[in-house]
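Novice:
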Amino acid sequence: DGKIIIVGTFTKYGNTAVNRIARMLPNGLLDTSFKIGIGSALQISKVRVLPNGKILVVGNFTSFNEVVSNRIIMLNSDGSADRDFNIGTGFDDNVSAIEVQPDGKILLGGSFTSYNEITANRIVRLNPDGTRDFSFLGSGFSNGAVQVIKIDSADNIMAGGSFNSRYDGVSVNRVVLLNSDGTIKPDFDTGTGP
609 DGKIIIVGTF TKYGNTAVNR IARMLPNGLL DTSFKIGIGS ALQISKVRVL
659 PNGKILVVGN FTSFNEVVSN RIIMLNSDGS ADRDFNIGTG FDDNVSAIEV
709 QPDGKILLGG SFTSYNEITA NRIVRLNPDG TRDFSFLGSG FSNGAVQVIK
759 IDSADNIMAG GSFNSRYDGV SVNRVVLLNS DGTIKPDFDT GTGP
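Heads up: the sequence shown begins at 609 in the numbering used here, then just goes up one per residue.
This is the structure:
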C-alpha cells in the first residue's frame, strides 16, 4: 500500500512519541492508525512485512507494548500483537537478521544461543506460527553473530556475520552457504574468507 515501516532506537517521530517503530504514509506523515501502544523499550533491529500483511519485528527487546516477547514479535497490520504467533520464551539474545522463505518459514540470525529454551546457535528456522522448524538440521555457529541471511533461486541459504570459527564442525569465516535443510554446502569454499 506504499506505507513505510521504520525501526531503530528512536523514541519520537516529529513531536509524537513512538518507541522504536513507526509507520509512515506514502507522503512521509506519521500513520496514526498504526497502534503500537508503548512500543519497545529497547532497540528494534529489523522488520519484515509478510505476504499475509502481518509484520515480523526482531531486535534486542524483551517486551512490546507490555507483551513479553523476547526479541521477536508478530504484529497484525494495525500494530497490535498477533497472539497466535507462538514463540514460547523466545530468544536469549539479540536477533539481527530475517529472511522469509517462499513457503512462509522464517530464518532468523543473531547472537542468540537458544530459542524457546532449546539450543539454537545464532541461526534458526521457524514455522509460520512461530514454532521451531526442526527440519532445519544445522548445528549453528560456535561464535560471533549472524547479521544477514539471504536465499538464492536454488533455495540455498547464505549467511554472513562476525562468526569465524565452526559450523557443523567445518571451519567458516564470516560467510557460509547452506543447503535448504540447514546443512553446510560442502562445494562452497571461501578459503580463509573475509
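Beta carbons are placed, not taken as given, at the ideal position from N, Cα and C, and that holds for glycine.
Given Val732, which residues of its chain have a CB within under 6 Å of its CB, disregarding the five upstream and five downstream residues?
Specialist: Walking along the sequence shown from the start, residue 732 turns up at place 124. Excluding positions up to five away in sequence, the list reads Leu716, Tyr723.
Novice: Can you tell me whether Glu674 is buried or exposed, with buried defined as 16 or more other CB within 10 angstroms of its CB?
Specialist: Along the sequence shown, read from residue 1 onward, the residue named residue 674 stands at position 66. Under this definition Glu674 is an exposed residue.
Novice: Going by DSSP, what residue range makes up the beta strand (DSSP E) through Ser653?
Specialist: The residue you call residue 653 lines up with position 45 of the sequence shown. Start and end: 652-657.
Novice: How long is the line joining the alpha carbons of Gly769 and Gly801, rounded to whole angstroms?
Specialist: Reading the sequence shown from its first residue, position 161 is the one you call residue 769. Reading the sequence shown from its first residue, position 193 is the one you call residue 801. C-alpha separation (whole angstroms): 11 Å.
Novice: Take the Cβ of Arg631 as the centre, count every other Cβ of all protein chains shown within 10 Å, and call the residue buried at 16 or more, exposed below.
Specialist: Numbered from its first residue, the sequence shown carries residue 631 at position 23. When all chains shown are included, Arg631 counts as buried.
Novice: Quick one: what does DSSP say Val615 is sitting in, helix, strand or coil?
Specialist: Here residue 615 refers to the residue found at position 7 of the sequence shown. Strand.
Novice: Look at the alpha carbon of Glu707 and the alpha carbon of Ser641, and state the distance between them as a whole number of angstroms.
Specialist: The residue given as residue 707 occupies position 99 in the sequence shown. The residue given as residue 641 occupies position 33 in the sequence shown. Approximately 27 Å, taken between the alpha carbons.
Novice: Would you call the CB atoms of Lys611 and Leu633 closer than 8 Å?
Specialist: By 1-based counting over the sequence shown, the position of residue 611 is 3. By 1-based counting over the sequence shown, the position of residue 633 is 25. Yes, Cβ-Cβ distance for Lys611 and Leu633 is below 8 Å.
Novice: Ala649 by DSSP, collapsed to three states: which one?
Specialist: Taking the first residue of the sequence shown as position 1, residue 649 is located at position 41. Reduced to three states, the DSSP call for Ala649 is coil.
Novice: Would you grab the beta carbon distance between Phe734 and Ile714 for me? Rounded to a whole angstrom, and I think it's under 8 Å.
Specialist: Your numbering for residue 734 matches position 126 in the sequence shown. Your numbering for residue 714 matches position 106 in the sequence shown. One detail in the question is off: residue 734 reads as Leu in this sequence, not Phe. About 5 Å; that satisfies the 8 Å criterion.
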